[in-house]
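Residue numbers (the working numbering), protein chains in the order written: chain U, 3 to 299; chain G, 29 to 302.
Worksheet for the structure shown next.
Have a look at this one:
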C-alpha cells in the first residue's frame with residue numbers, strides 16, 4: 003500500500019489494557035486552566051518511569067464545564083487501578099490544588115477513584131462538603147478563596163500503547179510530518195499522545211544486554227546503526243519518529259491513528275516521508291492489534 | 029389501569045397515622061387488601077374503608093390523596109419510591125424518614141415535614157409548619173438527604189439538626205432557621221425570623237435578605253463569588269420545575285462564619301447583586 007508516495011507497512015501496532023480516567027480542570031481563564039493541566043500532565047510520558055501517562059484531551063468551553071468556567075479535559079492512564087488512584091491524588095494535590103483559581107471535576111463515569119476525597123484534609127477541618135445533584139464536592143479553603151473539587155472521578159478500562167512510526171529522509175522532515183499528525187490527532191476526542199509534543203524519538207525494544215534494563219533502544223530503527231545491526235531501514239531513511247496513543251476505547255485509538263497516518267501521508271514523499279510502520283511484540287503480549295492497512299482502508 | 033386515588037370521606041376527629049399508605053407498601057395489594065388496611069388513631073384503629081373512598085387500581089407507583097386535611101399524619105413516612113400527590117393539606121410528620129420517591133403537597137404542610145428524611149423529594153405548594161426537615165425530639169440528626177421545596181413560608185426552626193440535603197424556602201422562614209444544623213444547605217428567598225443559624229455547627233444558610241439583626245455569634249468574612257453556588261444554580265436549572273423559583277441564584281455573597289459558639293465552621297451567605 004502506497005499513499006502519496008508513502009509506503010504503508012503490512013504490520014500492526016500492539017496495544018495493552020490500561021486503567022484510565024478523565025478529569026476536568028477549570029480556572030478563571032483558559033491560560034490558568036492550561037497552567038494547571040500542563041503541570042498535572044508533566045512527567046507523564048510513559049508508565050515505565052512516570053507512574054502514568056497523561057495528556058490534555060481537549061479544551062472545554064464555559065458551557066461544557068460543571069462550574070461554567072473555561073477548562074480542559076485531561077486523560078490519565080496507568081497500568082493498574084491502584085497506581086491510577088495514587089497518580090490522580092498526587093497530581094491533583096501537587097499541581098491543580100496549588101494552581102491559582104483552579105477547580106477539578108470528574109469527567110467520566112466509572113468505578114470511583116478518589117479525587118478530592120483525601121485532598122480535603124488539606125483544609126485542616128475547615129473543608130466543607132456539598133452534595134449537589136447526587137455528587138459530592140469539597141470546598142477547601144485556600145489563600146485565593148476556595149478550591150472546589152469533586153470527591154471522586156470515574157475509572158474505566160482503556161487501551162494504551164497504540165503507535166506508528168514515521169520514517170523520513172531527515173530528522174527535520176520526520177518531525178514536520180509528525181507535527182502535522184499531532185495537529186490532526188489532537189482533534190480526536192478520547193485519545194492522548196503522552197510523549198513530548200506527542201512525539202517520541204527513543205523507541206524501545208524489549209530487553210537489553212544489561213541485565214538491569216528491561217528495555218533498550220530500538221536498534222533496528224536507529225539510522226546510525228545501519229550496517230552494524232539487522233536494520234529495518236533502507237538507505238534513504240535518515241530519521242524515525244514514533245507517535246504513541248492512549249485511548250479510552252479501541253475505537254478512539256483507531257480514530258487517532260487513522261487521523262495521524264493520513265496527515266503524515268498528506269505530507270507525503272514530497273515532504274521527505276518514505277514509510278509508515280508500527281511497533282509490536284509479535285502479537286503475543288498485547289490484546290489489541292491495530293493493523294495499519296486495515297485502519298486506512 | 030387508572031391511578032390509585034384515596035378520597036377522604038370526612039375529617040377525622042383525631043389525628044390518623046396514614047404511614048401505611050405509601051406506593052411501595054401498597055405495591056402488589058389489590059383493592060380489597062387496601063381497604064382492609066388498619067390505620068392507628070388515638071388508642072384504636074380505623075380501616076382505610078372507614079375513612080376513604082378508593083378509586084383506581086392497586087399496585088401503582090403513584091397515589092393521590094384527595095380532600096386531605098391536617099389530621100392525616102405521617103403521609104409518605106419512610107417511603108422508598110413512587111409518588112404521592114396530596115390534594116389538600118398535609119398533617120404533621122409528612123415524609124418522615126422517607127428514603128426515596130416524591131411527595132407533592134398542594135396545600136399546606138404541618139410541623140415536622142421532611143423530618144429525618146434521607147432521600148427523595150418533597151414539594152409543598154403552600155406553607156410549611158415548624159421543624160421543617162428537622163429532627164424528632166430526642167433524635168441527634170434531622171434531615172439526612174434529599175430535597176424539600178416550600179413555595180410559601182416555613183415555620184420556626186426549619187432544618188433543626190439537619191445533617192445533609194437541600195431545603196429551599198421561596199417565602200419567609202421563621203425564627204431559629206437552621207438551628208443546631210450539622211451540615212446541608214438551606215436557601216431562603218424571603219426573610220428570616222430572629223436568630224438564624226442558632227447553634228449552627230456546619231452547613232450553609234443562603235439568605236436572599238439579611239436578617240433584621242445579624243446574630244452576634246456570626247463574624248463577617250467578606251464578599252466572594254463561590255464556585256459551588258454556580259454548581260447549585262446549574263442544578264436548579266437542570267431540575268427545573270419548582271427549583272426554578274430560586275433562580276437567578278446570587279453567586280456573589282457576603283460570607284459570615286458561625287455559629288462561633290459551636291465551632292464557627294458553618295456559614296451564613298447573604299446574596300449580593302453581582
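Note that beta-carbon positions come from the ideal geometry of N, C-alpha and C, so glycine has one too.
Euclidean distance between Cα positions of residue i and residue j
i: residue 110/U; j: residue 79/G; result: 51 Å
i: residue 294/U; j: residue 14/U; result: 6 Å
i: residue 292/G; j: residue 83/U; result: 39 Å
i: residue 75/U; j: residue 188/U; result: 12 Å
i: residue 190/G; j: residue 163/G; result: 7 Å
i: residue 272/U; j: residue 280/U; result: 21 Å
i: residue 178/G; j: residue 123/U; result: 35 Å
i: residue 209/G; j: residue 188/G; result: 6 Å
i: residue 181/U; j: residue 273/G; result: 52 Å
i: residue 107/G; j: residue 68/U; result: 32 Å
i: residue 299/G; j: residue 246/G; result: 16 Å
i: residue 102/G; j: residue 116/U; result: 39 Å
i: residue 173/U; j: residue 198/U; result: 15 Å
i: residue 256/G; j: residue 243/G; result: 25 Å
i: residue 265/G; j: residue 259/G; result: 10 Å
i: residue 124/G; j: residue 250/U; result: 44 Å
i: residue 71/G; j: residue 147/G; result: 31 Å
i: residue 227/G; j: residue 170/G; result: 14 Å
i: residue 299/U; j: residue 234/U; result: 24 Å
i: residue 143/G; j: residue 75/G; result: 26 Å
i: residue 52/U; j: residue 269/G; result: 49 Å
i: residue 296/G; j: residue 286/G; result: 7 Å
i: residue 227/U; j: residue 219/U; result: 11 Å
i: residue 310/U; j: residue 291/U; result: Chain U is shown only over 3 to 299; residue 310/U falls outside these bounds and no answer can be derived.
i: residue 282/U; j: residue 41/U; result: 31 Å
i: residue 134/G; j: residue 116/G; result: 6 Å
i: residue 136/U; j: residue 301/G; result: 28 Å
Check whether residue i and residue j have beta carbons under 8 Å apart
i: residue 232/U; j: residue 217/U; result: no
i: residue 81/U; j: residue 20/U; result: yes
i: residue 211/G; j: residue 231/G; result: yes
i: residue 73/U; j: residue 62/U; result: yes
i: residue 165/U; j: residue 247/U; result: yes
i: residue 38/U; j: residue 101/U; result: yes
i: residue 120/U; j: residue 91/U; result: yes
i: residue 270/U; j: residue 7/U; result: yes
i: residue 89/G; j: residue 111/G; result: yes
i: residue 50/G; j: residue 84/G; result: no
i: residue 100/G; j: residue 44/G; result: yes
i: residue 106/U; j: residue 98/U; result: yes
i: residue 167/U; j: residue 209/U; result: no
i: residue 192/G; j: residue 172/G; result: yes
i: residue 131/G; j: residue 119/G; result: no
i: residue 180/G; j: residue 199/G; result: yes
i: residue 25/U; j: residue 78/U; result: yes
i: residue 288/U; j: residue 18/U; result: yes
i: residue 109/G; j: residue 52/G; result: yes
i: residue 249/G; j: residue 283/G; result: yes
Residues that residue i bridges to, as DSSP identifies them
i: residue 204/G; result: DSSP lists no partner for residue 204/G.
i: residue 285/G; result: 247/G, 295/G
i: residue 112/G; result: 91/G, 131/G
i: residue 73/G; result: 68/G
i: residue 121/G; result: Paired residue(s): none; residue 121/G is not in a bridge.
i: residue 57/U; result: 77/U
i: residue 101/G; result: 45/G
i: residue 151/G; result: 132/G, 177/G
i: residue 283/U; result: DSSP, once it has assigned bridges, lists no residue as partnering residue 283/U.
i: residue 249/U; result: 161/U, 193/U
Candidates the options: closest to residue i by CA position
i: residue 161/U; options: 146/U, 194/U, 142/U, 151/U; result: 194/U
i: residue 233/G; options: 194/G, 65/G, 251/G, 124/G; result: 194/G
i: residue 204/G; options: 241/G, 256/G, 179/G, 175/G; result: 241/G
i: residue 278/U; options: 255/U, 55/U, 170/U; result: 170/U
i: residue 38/G; options: 83/G, 95/G, 115/G; result: 95/G
i: residue 294/G; options: 24/U, 288/U, 130/U, 30/U; result: 130/U
i: residue 290/G; options: 279/G, 281/G, 229/G; result: 229/G
i: residue 182/G; options: 168/G, 137/G, 120/G; result: 137/G
i: residue 300/U; options: 24/U, 16/U, 211/U, 203/U; result: Outside the shown range of chain U, which is 3 to 299, sits residue 300/U, and nothing can be said about it.
i: residue 146/U; options: 82/G, 276/G, 254/G; result: 254/G
i: residue 138/U; options: 230/U, 276/U, 151/U; result: 151/U
i: residue 31/U; options: 213/U, 64/U, 265/U; result: 64/U
Check: residue i C-beta below 7 Å from any heavy atom of the ligand SAM
i: residue 104/G; result: The ligand SAM is not part of this structure, which contains no ligands at all.
Chain A contact residues for residue i, given Cβ-Cβ distances below 8 Å
i: residue 256/G; result: Protein chains in the displayed structure are U and G, and chain A is not among them.
Task: Length at least 3, wholly inside the region 99-185 of chain U: the beta strand (DSSP E) runs in chain order - done: 105-108, 113-116, 130-134, 137-144, 147-152, 154-170
- [ ] Go through the region 198-241 of chain U residue by residue and report every complete run of the alpha helix (DSSP H) that reaches 4 residues or more, in order.
- [x] none
Open item on the list: At 3 residues or longer, what runs of the beta strand (DSSP E) sit wholly inside the region 14-47 of chain U?
Closed with: 14-28
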